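J.: If you read the sequence shown in this note's numbering, its first letter stands for residue 644, the second for the next number, and so on.
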Amino acid sequence: MEKTADILCIGAVLWDIIGRSASHMRLGADVPGRITRLPGGVAMNIAMTLARFGLNPAVLCATGRDPEGDSLLAEAAAFGIITRYAYRSDDLPTDRYMAIEGANGLIAAVADAHSLEAAGAKILRPLEDGRLGRDTAPWTGPVALDGNLTVDLLHTIAHSPLFRNADLRVAPASPGKAERLLALIGHPRVTLYVNLEEAGLLCQCEFSDSSSAALGLMQRGVRHVLVTDGGRAAADGFDGDVITHCPPSVLVTRVTGAGDTFMAAHIVSERAGMDRASALARASKAAATYVSGDTPL
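#1: Beta carbon of ARG807, beta carbon of VAL833: below 9 angstroms?
#2: Please identify the residue among LEU735, TYR728 and LEU792 whose C-alpha is closest to the C-alpha of ASP772.
#3: Judging by CA-CA distance, which residue of GLY829, GLY683, LEU770 and ARG663 is the nearest neighbour of ALA751?
#4: Give every residue of the same chain whose Cβ lies closer than 7 angstroms to the Cβ of ALA716, excluding the five residues on either side of it in the sequence, and list them in chain order.
#5: Straight-line CA distance for ALA924 to ASP733?
#6: Just to confirm, is the Cβ distance from ALA856 to VAL837 under 9 angstroms?
#7: Secondary structure at ALA842, three-state DSSP: helix, strand or coil?
#8: Which residue's Cα is closest to the Cα of VAL649: THR904, THR783 and ALA719?
#9: I'd like the ranges of any beta strand (DSSP E) spanning at least 3 consecutive residues and lying wholly in the stretch 729 to 795.
#10: Looking at the strands, I want to know which residues DSSP matches up with VAL870.
#11: Count the other CB atoms within 10 Å of the CB of VAL753; is the residue buried (16 or more) or exposed (fewer)?
#12: In the structure shown, what three-state DSSP assignment does PRO804 receive?
#13: From ALA842, ARG823 and MET861, pick the residue whose C-alpha is nearest to that of PRO831; which is it?
#14: Can you say whether LEU670 is buried or exposed, counting buried as having 16 or more other CB atoms within 10 angstroms of its CB?
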């Protein structure tokens, strides 16, 4: 029997190629380490965490009809993710992300999400053809949106009747793509998840801490925002009120996917009926556990 989706993850589902070293790295460094290939992308990372917490996430994404796409969706299904709504392209390759991480954090990364961008609104077809909804009966559940989507598509989502009843949870794919989310600022059903740098880019200023960043974004029209700041206190801003929580101190062994884990854990916590402080604390702990190398459960 096919599972019914209880949350949609819309955006990048791709292969993460990560080079990690225990050494402190600088520009031009050549050090020993490990190179791994894992399922990744913002939508995939969120979906994997949601599945670990017992939800039934479905991904709306773009992959090629190539061996990389076949194996990627097979791995996603093995995690418990619903993949039958994925858009499969005959002429676009499966996307990839490559990053280098050292003892001093993320050194550099390149995201090749060109196939997702080229597919555009085709990935939303299940929301309009009756499989997940239509204009007259739109999707009413939570949606995790990925900043890898184009500005045009994010603008379409912000004004589409297909999303008028959805609980939109939005995260940038990276600081370099944060400004794409300006299309969604002011939307009454959006919760925004950003780090301190991304908050500054959206507000075109620098913030000293997550609390001031949350206040700045609410002044720009965001009703609900979560701001993380690495190992420093994270903030939850809602209707002008800000609360903070400092994550536990851990030894950092990985970086890529930490923000996505925080977002997924926060979504699950709110769905479970936790209050703001408890949901923020649980999300912070899940992200800290993730970067320490353990499973965030």
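The beta-carbon is built from N, C-alpha and C at its ideal position, and this holds for glycine as well.
No experiment lies behind these values; they were computed from the predicted model shown.
T.: If we stick to the structure as given:
#1: no
#2: TYR728
#3: ARG663
#4: According to the sequence as given, residue 716 is Leu; it is not Ala. The residues are THR706, THR726 and ALA729.
#5: 44 angstroms
#6: yes
#7: helix
#8: The identity of residue 649 in the sequence shown is Asp, whereas the question assumes Val. That would be THR783, whose Cα lies nearest to the Cα of ASP649.
#9: 730 to 732, 739 to 745, 748 to 755 and 785 to 789
#10: VAL837 and ALA878
#11: exposed
#12: helix
#13: MET861
#14: exposed
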